[in-house]
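Before any comments, here is the structure.
Number of protein chains: 2
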Amino acid sequence: AQAAPVPDAILQQAKQLRDQALVDDTAYTLLRDLTTQVGPRLAGTEAEARARQWSVRALQQLGFDRDQIRIERFELDGWVRGEEWARVTAPYPQPLVVTALGDSGSTGPIPVEAEVVLFESIEDVEALTEGALTGKIAYVSHAMGKTQDGSSYAYFGKTRFDGPGIAASKGAKAIMIRSVGTQSHRMAHTGSTKWPEGQTPIPALALSQPDADQLERMAADGETIQVAIKATPRFVGKTRSANLIVDLPGSDRGDEIIITGGHLDSWDLGTGAVDDGAGIAITTAAVDLIRRSGLQPRRSIRLVHWGAEEVGLLGAKAYAEAHADELDRHQLGSESDFGAGRVYNIGADLPAAADPVVDAMLRLLAPLGVGQTARDYTGSSGPDLSPLNDLGLPSFRLLQDGTDYFDLHHTPDDTFDKIDPEALRQNVAAYAVFLWIAANTDVNFRAQDPAE
Amino acid sequence: AQAAPVPDAILQQAKQLRDQALVDDTAYTLLRDLTTQVGPRLAGTEAEARARQWSVRALQQLGFDRDQIRIERFELDGWVRGEEWARVTAPYPQPLVVTALGDSGSTGPIPVEAEVVLFESIEDVEALTEGALTGKIAYVSHAMGKTQDGSSYAYFGKTRFDGPGIAASKGAKAIMIRSVGTQSHRMAHTGSTKWPEGQTPIPALALSQPDADQLERMAADGETIQVAIKATPRFVGKTRSANLIVDLPGSDRGDEIIITGGHLDSWDLGTGAVDDGAGIAITTAAVDLIRRSGLQPRRSIRLVHWGAEEVGLLGAKAYAEAHADELDRHQLGSESDFGAGRVYNIGADLPAAADPVVDAMLRLLAPLGVGQTARDYTGSSGPDLSPLNDLGLPSFRLLQDGTDYFDLHHTPDDTFDKIDPEALRQNVAAYAVFLWIAANTDVNFRAQDPAE
Ligand SMILES: [Zn+2]
Ligand SMILES: [Zn+2]
Ligand SMILES: [Zn+2]
Ligand SMILES: [Zn+2]
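Same order as they appear, the protein sequences are chains W and G. In terms of the numbering used here, the first sequence opens at residue 1 and continues consecutively. In terms of the numbering used here, the second sequence opens at residue 1 and continues consecutively.
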């Protein structure tokens, strides 16, 4: 008889790992320590380097051998925040709460002061003729709402990703956008922006939601709005980041890899608790739980603390490049990088032969509120795994509830006090089940279904 | 037969005013305009002066005559915020979110860097010997919780009011306190502090709650904490503020005054929506509703927009002084200065003869969720009326639900988007009922009960 896709002994072990995870605070302690002892850790800075040192120390304290931990360095173009403020000078003089987007240009030492032209969407800016914004500051609003799966970020994020480049191409001196976030506190939301090839970066700022409201109320009064901006971020030339990798070596299928992890870098405004200290803590605790169990997986389990995710998936790209020769040995993966909310669904686009494996995971996870996937998942296995998805890694992800994620994400409010320890434990349990089952089956997740 | 304490016709009119208030957005519009068109309005600054000009304009637009509006100026010692930041330099280098308390001293251009000594309460600092904090930065925590009536602020506010003076008297170079607030966002809470006679002000900063947590976690790791602080607020010498006064003249009892209002100044971090734009808007709309009704009250109804409340009740003291000769003509009053939450109770310490008057108010307000008072109220009629209470004005106040007030109060988050228009209308209705009934009764609220 053929072996079951997931033998009973493996299910029993997975169940034990799950139940241990539910009463274990390793992830919470890791997250407390990372956010407290390192704090903000912007890609390419000495703070991100301190975070890597912290990772090495933390993994050793858990019990990993130092020589199991590999550091794979890569270079990037560094960018750091400077001074930043904005002030309405007419008609109603008052300060605005702003923050520079990643890779924003600088005003230089002399503030820029200009008339603000308001747009309801980035499409309205795109429709302008060339030079239409010459000498002006563009302001772009939008109406991002909350979604459980984060799809609103994918849709409305365009205002941040592409808006500054579009406004610059129309001649704008600077751009301010309504924060791509879902809270109404006086905090602006940073994040990277993209400049078209050859475009000189202009100052690109996000306004907090209340400040965006304020600007729009002023406009509703029919007055011409004049704003002074100062922002002095700097491109600091070549800096370094790295990916940190640790493997639990597999037995008879040890050349096959089940990959997980999170990204170690964070934006500089908060302490990177939900983005992505939580992912680091959850996946590290899950892998450590398996290590501590003394059980050896059949496939190797790989934990990665990616570097420089926030500034363009640079660690992800470096990983794909450095591991080009073993990409087809990556069987399955899931990165945790959507906050610290509970896992509620499994997204999977796998061959039919893998159905019983996912069913086995769901059977153990349903009691934790993880439901049945529709199995037509089209997302990635996580941002840092997306280059591998593009190269053949099948799509699979433990999907977290992100309804409130954009209340915190990329703001000063991304701090440890926002973490629910119970939700964190549930995540660790889900990852332990996923990793143990995926690493102990003969099912080939990369197999193609026969053409129908 | 003696006239009823509140004649039926008056009750009917009060009911009509109430019902009109519940469908009228005058207060909401006033508050929108004040917070948008003026924004922050720190006592004694040109922004507070612009707010007064706004008040005059807004009252005229409502229909008050310019010559009904009196401006009573007074002087104060001005203080303005400068640059301000703090940064942990050891053991875990990272920025902290801070703000200077009102009347904080300055570090000067060179940041102060020193070891932080942590205390759980201001009483622990008070217990130190003289000089015990020499060369150190004191940090004081506490555990202010939410209370519906704001009593936690009165109790825990001591950390802010007195803490800096106490720490300075023990030789501290600077003090940081956990914000006297109840939210967990990355915003620090300002507010005035008091220096003992002869004490040179030291830099006095509030930390946001997450930053206070962070500092306490570092201390729990057993490490000595070193912090660098820069804060450059300035005392700017004599500046001016003013109270704005407008009366609805009464008829046969026109020399008696029913007084209401709010304070026009705000802290500089937010736009003063709940503190105290709401009070200005609510009381102005209520008085305007009565003016628009065409009805003349028997007693005069006085609306005051006090100046410079935040920096030590300076407008309140100036009012008491300027009106010394008519203080005993102030029959009853209530200031609205506890946010924009619904009125839920009436606090009153009045002679027994006034019971039927309060009952009449409650009868009309109970449908709006305003309950029966215990009638042993020992609070004031509002901060700006407290000097008058000390001089014989009986205690009376429409008490608002302040459960969430300290989430916003004195922080950058005190902005218009936090306002619930329905709660604002309920407040206007309550004030209209109070004013109309109090102004149209023969009951002498200042009468002493006969000794028992
Ligand atoms: Zn992330
Ligand atoms: Zn991110
Ligand atoms: Zn106030
Ligand atoms: Zn106040």
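The beta carbon of each residue, even a glycine, is placed where N, CA and C say it ideally should be. Remember, it's a predicted structure, so these values are computed and weren't measured experimentally.
C-beta atoms of G/E335 and G/D268 nearer than 8 Å: Not closer than 8 Å, so no.
Backbone secondary structure at G/Q94 - three-state DSSP: Here G/Q94 sits in strand by DSSP.
Pair within 8 Å by beta-carbon distance, W/V80 and W/P201: No, these two residues do not count as a Cβ contact at 8 Å.
Segment contact, 8 Å Cβ cut-off, at least three pairs: the region 189-196 of chain W with the region 153-169 of chain W: Yes, the region 189-196 of chain W touches the region 153-169 of chain W.
7 Å Cβ shell around W/Q20 - same chain, five flanking residues per side excluded: These residues qualify, in order along the chain: L289.
W/A308 and W/L76 closer than 8 Å at C-beta: Yes. Within cutoff.
Under 8 Å between C-beta atoms of G/L244 and G/I71: A contact, by the Cβ cut-off of 8 Å.
Neighbour flag for G/P450 against chain W, beta carbons, 8 Å: No, no contact with chain W.
Run of the alpha helix (DSSP H) containing W/M176, from where it starts to where it stops: For W/M176, there is no enclosing alpha helix (DSSP H); the enclosing beta strand (DSSP E) has its first and last residue at 174-178.
Backbone CA spacing between W/W436 and W/S208 [nearest angstrom]: One C-alpha to the other measures close to 43 Å.
Straight-line Cα distance separating W/F156 from W/D401: Rounded to the nearest angstrom, the two C-alpha atoms are 18 Å apart.
DSSP bridge partner residues for G/R85 (one or two, in chain order): Arg is not the amino acid found at residue 85 of chain G; the sequence shown has Trp there. G/K230, per the DSSP bridge assignment.
Under 7 Å (Cβ pairs) to chain G, residues found in the region 85-109 of chain W: Listed by position along the chain: Y92, Q94, V97.
Residues of its chain near G/L118, where Cβ-Cβ distance is below 6 Å and the 5 sequence neighbours each way are ignored: Answer for G/L118: Y139, A219, listed in chain order.
Residue environment, G/G39, which counts as buried when at least 16 other CB atoms sit within 10 Å: Here G/G39 is buried, its C-beta having at least 16 other C-beta atoms within 10 Å.
Within 8 Å, strictly: CB atoms of G/D407 and G/Q183: Yes, they are a contact pair.
Members of the region 141-171 of chain G that neighbour chain W once the beta carbon cut-off is set at 8 Å: Answer set for the region 141-171 of chain G: empty.
Residue burial classification, W/P394 (beta-carbon count within 10 angstroms, cutoff 16): Taking a 10 Å sphere around the C-beta of W/P394, we find 16 or more other C-beta atoms and assign the residue as buried.
Cβ of G/R291 within 8 Å of any chain W Cβ: When Cβ-Cβ separations below 8 Å define contact, G/R291 makes no contact with chain W.
Reference G/P210; option with closest CA among W/I137, W/T271, W/Q94: Per the Cα distances, W/T271.
Positions along the region 199-215 of chain G whose CB lies within less than 9 Å of some CB in chain W: Contact annotation: in the region 199-215 of chain G, residues whose CB is within less than 9 Å of a CB in chain W are S208, Q209, P210, D211, D213, Q214.
Cβ-Cβ distance between G/D349 and G/G382 below 8 Å: For G/D349 and G/G382, no; Cβs fall outside 8 Å.
Any non-hydrogen atom of ligand 4 within 7 Å of G/E310 CB: Under cutoff, so the answer is yes.
Neighbour flag for G/R32 against chain W, beta carbons, 8 Å: Yes, its Cβ sits closer than 8 Å to a Cβ of chain W.
Three CB pairs or more closer than 8 Å across the region 220-229 of chain W and the region 126-134 of chain W: Counting Cβ pairs under 8 Å, fewer than three are found: no touch.
Interface partners of W/T36 on chain G, CB under 7 Å: Using a Cβ-Cβ cut-off of 7 Å, W/T36 is close to Y92, Q214, R217, M218 of chain G, given in chain order.
Closer than 7 Å: G/D407 CB and nearest ligand 4 heavy atom: Placement of the Cβ of G/D407 at a distance of 7 Å or more from every heavy atom of ligand 4 is found.
Per DSSP, the bridge partner or partners of G/A308: Beta-bridge partners of G/A308 (DSSP): none assigned.
Inter-residue Cα distance where the pair is G/Y344 and W/L365: Straight-line Cα distance between these residues: approximately 47 Å.
Range covered by the alpha helix (DSSP H) that runs through W/A477: What the structure shows of chain W is the stretch from 1 to 452, and residue 477 of chain W is not part of that stretch, so it cannot be assessed.
Cutoff 6 Å; reference G/A354; Cβ partners in own chain excluding five residues on either side: Same-chain partners within the cutoff: V443, F445.
Classification of G/A154 by the beta-carbon crowding that lies within 10 angstroms, buried from 16 upward: Under this definition G/A154 is an exposed residue.
Cβ pair W/Q13, W/L295 closer than 8 Å: Against a cut-off of 8 Å, the Cβ pair of W/L295 and W/Q13 comes out as a contact.
Neighbour flag for W/M187 against chain G, beta carbons, 8 Å: Taking a beta-carbon distance threshold of 8 Å, W/M187 counts as an interface residue toward chain G.
G/H142 beta carbon near ligand 3 (any heavy atom closer than 7 Å): No, since every heavy atom of ligand 3 falls outside the 7 Å radius drawn around the Cβ of G/H142.
Opposing strand residues paired with W/S241 [DSSP bridges]: As DSSP reads the structure, W/S241 sits in a beta bridge with W/F74.
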